[in-house]
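Asks: Protein chains in written order, with my numbering: chain P, 1 to 117; chain E, 118 to 233.
Glycine included, each C-beta is placed from N, C-alpha and C at the ideal position.
Predicted, not measured: the structure shown is a model, and the values here were computed from it.
Sharing a structure below in structure tokens format, with a few things to ask.
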């Protein structure tokens, strides 16, 4: 498996501001993903973070609202921009290796709980 | 497009008893993986069990087993000898083995309560 940490674990923000969430993995991984999980709901994929290139966004999510960086194989950031109360959610980072044991399986970080006032 | 359906928003089971969580999916692909993930109140998603579509044998992991019916597109999770620590949200997930994206599609989840 992989050990994944996220910072911050939680935050309370004012509307109109931005928050950057960090995801750090203890070893190199092939793919990194960002999910949103609204209270009591399932996970919705925001985007695939690509190392060295622009992220691939899912329908309904745009780069201006959720800019993503992935400078190397162990680190990624997700920024939630110009926040509104509707952005209140848990944001989860997940990773996948495409070689070795458990190939293709996703492992998840502990999540960041965001509350926007 | 693929979809995953969990029709049981909430289930309860008595400690030490057995419970089955349902999951159905829709796909036109023949190669894929199915997963059950557990999300306790701490939020950490934990892989419980996985099933490769090409395998006819049902996967088992200790007290957890699946009933994989490929023709019916059904993938249920059986938890035997339920323990208090099994209380969590359980998500069924699908992953295509042909798209090359490794993206997961999650069901809406089933909240499992374990009664002492």
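Tell me the rounded alpha-carbon separation between residue 64 of chain P and residue 213 of chain E.
Replies: Spanning the two alpha carbons is a distance of roughly 29 Å.
Asks: Excluding the 5 residues preceding and the 5 following residue 107 of chain P in the sequence, name in chain order all residues of the same chain whose CB lies nearer than 7 Å to its CB.
Replies: 1, 2, 4, 94, 95, listed in sequence order.
Asks: Residues in the segment 217 to 229 of chain E with C-beta within 8 Å of chain P's C-beta atoms, listed in sequence order?
Replies: Residues 218, 219, 220, 221, 223, 224, 225, 226.
Asks: Please list, in chain order, all residues of the same chain as residue 200 of chain E whose beta carbon is under 6 Å from its beta carbon, the five residues on each side excluded.
Replies: No residues qualify anywhere along the chain.
Asks: Could you give the residue range of the beta strand (DSSP E) that holds residue 87 of chain E?
Replies: Lying before the first or after the last residue shown, residue 87 of chain E is absent from chain E, which here runs from 118 to 233.
Asks: Report buried or exposed for residue 18 of chain P, applying the criterion of at least 16 other Cβ atoms within 10 angstroms of its Cβ.
Replies: Exposed is the call here.
Asks: So, with DSSP's three-state summary, where would you put residue 114 of chain P?
Replies: If DSSP states are grouped into helix, strand and coil, residue 114 of chain P belongs with the strands.
Asks: If I'm right that residue 229 of chain E touches residue 203 of chain E with Cβ under 8 Å, what's the distance once you round it to whole angstroms?
Replies: So it is a contact: roughly 6 Å between Cβ atoms.
Asks: State the Cα-Cα distance for the pair residue 122 of chain E and residue 22 of chain P, rounded to the nearest angstrom.
Replies: Their Cα atoms are separated by approximately 31 Å.
Asks: Helix, strand or coil for residue 86 of chain P? Go by DSSP, reduced to three states.
Replies: Residue 86 of chain P falls in the helix class under three-state DSSP.
Asks: CB-CB under 8 Å to residue 15 of chain P, same chain, minus the five flanking residues each way: which ones, in chain order?
Replies: These residues qualify, in order along the chain: 83, 84, 85, 116, 117.
Asks: Name the residues in the segment 161 to 172 of chain E whose C-beta lies less than 9 Å from a C-beta of chain P; which are they?
Replies: From the segment 161 to 172 of chain E, only 161, 162, 163, 164, 167 have a Cβ closer than 9 Å to chain P.
Asks: Verify whether the separation of the beta carbon atoms of residue 151 of chain E and residue 208 of chain E is less than 9 Å.
Replies: Not closer than 9 Å, so no.
Asks: Just curious, the beta strand (DSSP E) that residue 17 of chain P is in, first and last residue?
Replies: Where residue 17 of chain P is concerned, there is no enclosing beta strand (DSSP E), given that its DSSP letter is neither H nor E.
Asks: At the level of alpha carbons, what is the spacing between residue 72 of chain P and residue 51 of chain P?
Replies: Approximately 6 Å, taken between the alpha carbons.
Asks: Using a Cβ-Cβ cut-off of less than 8 Å, list which residues of the segment 65 to 96 of chain P approach chain E; keep chain order.
Replies: Flagged, chain order: 90, 92, 94, 96.
Asks: Using a Cβ-Cβ distance cut-off of 9 Å, determine whether residue 143 of chain E contacts chain P.
Replies: Output row for residue 143 of chain E: interface = no.
Asks: Where do the N-terminal and C-terminal ends of the beta strand (DSSP E) with residue 140 of chain E fall, by residue?
Replies: Note, residue 140 of chain E: premise wrong, no beta strand (DSSP E); not H, not E.
Asks: Below 7 Å CB to CB, which residues in the same chain sit around residue 156 of chain E once its five sequence neighbours on both sides are set aside?
Replies: These residues qualify, in order along the chain: 162, 205, 206, 208.
Asks: What is the rounded straight-line gap between the Cα of residue 26 of chain P and the Cα of residue 98 of chain P?
Replies: Computed Cα separation, rounded: 16 Å.
Asks: Closer than 9 Å between beta carbons: that is the criterion. Which residues of the segment 103 to 116 of chain P meet it against chain E?
Replies: Listed in sequence order: 104, 105, 106, 107, 108, 109, 110, 111, 113.
Asks: Determine, for residue 5 of chain P, whether the minimum Cβ-Cβ distance to residues of chain E falls below 9 Å.
Replies: False, the Cβ-Cβ gap to chain E never drops below 9 Å.
Asks: Which one or two residues does DSSP pair with residue 166 of chain E in a beta bridge?
Replies: In the DSSP output, where bridge partners are listed per residue, residue 166 of chain E has E/153.
Asks: Go through its chain and collect everything with a Cβ distance to residue 24 of chain P's Cβ below 6 Å, but skip five positions before and after it.
Replies: Taken in chain order, the residues that qualify are 5, 75.
Asks: Can you name the start and end residues of the beta strand (DSSP E) that residue 210 of chain E belongs to?
Replies: Residues 205 to 213.
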